[in-house]
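Okay, so the sequence shown: first residue is 5 according to my numbering, each after it adds one.
We put the CB at the ideal spot given by N, CA and C, even for glycine.
Here the structure is a predicted model, which means the values were calculated and not measured.
The structure under discussion appears below in the form of structure tokens.
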Amino acid sequence: MDTALAVFDGKKIRKIWVKDEWWFSVVDIVGVLTDSVDPKDYWYRLKKRELESSRVELSTFCPRLR
5 MDTALAVFDG KKIRKIWVKD EWWFSVVDIV GVLTDSVDPK DYWYRLKKRE LESSRVELST
65 FCPRLR
């Protein structure tokens, strides 16, 4: 397993190499794309809203990257 940082628009995105694939931090990507002050909260509210409105559960397959 290998971890690294990607840089997008000057902001860091955490990523990890698992089984020949890169996995990226959704919270970091949400932060870059939305320019949110608190991307973790933004992602939490987005998941909650989607679950309530369409019963689709948005979640990740990996534990939180640190």
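For the beta strand (DSSP E) that contains residue i, what are its first and last residues?
| i | result |
| --- | --- |
| R18 | K15 to V22 |
| D6 | D6 to F12 |
For the alpha helix (DSSP H) containing residue i, name the first residue and the last one.
| i | result |
| --- | --- |
| V30 | V30 to T38 |
| L62 | It is not in any alpha helix (DSSP H) - L62 carries neither H nor E in the DSSP assignment. |
Would you grab the beta carbon distance between residue i and residue j for me? Rounded to a whole angstrom, and I think it's under 8 Å.
| i | j | result |
| --- | --- | --- |
| V79 | F12 | Nothing about residue 79 can be reported from this structure: the residues present for the chain run from 5 to 70 only. |
| I20 | D32 | That belief does not hold up - the Cβ atoms of I20 and D32 are roughly 12 Å apart, past 8 Å. |
| Y46 | T38 | 6 Å |
| L62 | K51 | 5 Å |
Nearest CA to the CA of residue i: which residue from the options?
| i | options | result |
| --- | --- | --- |
| V30 | D42, D24 and K23 | D42 |
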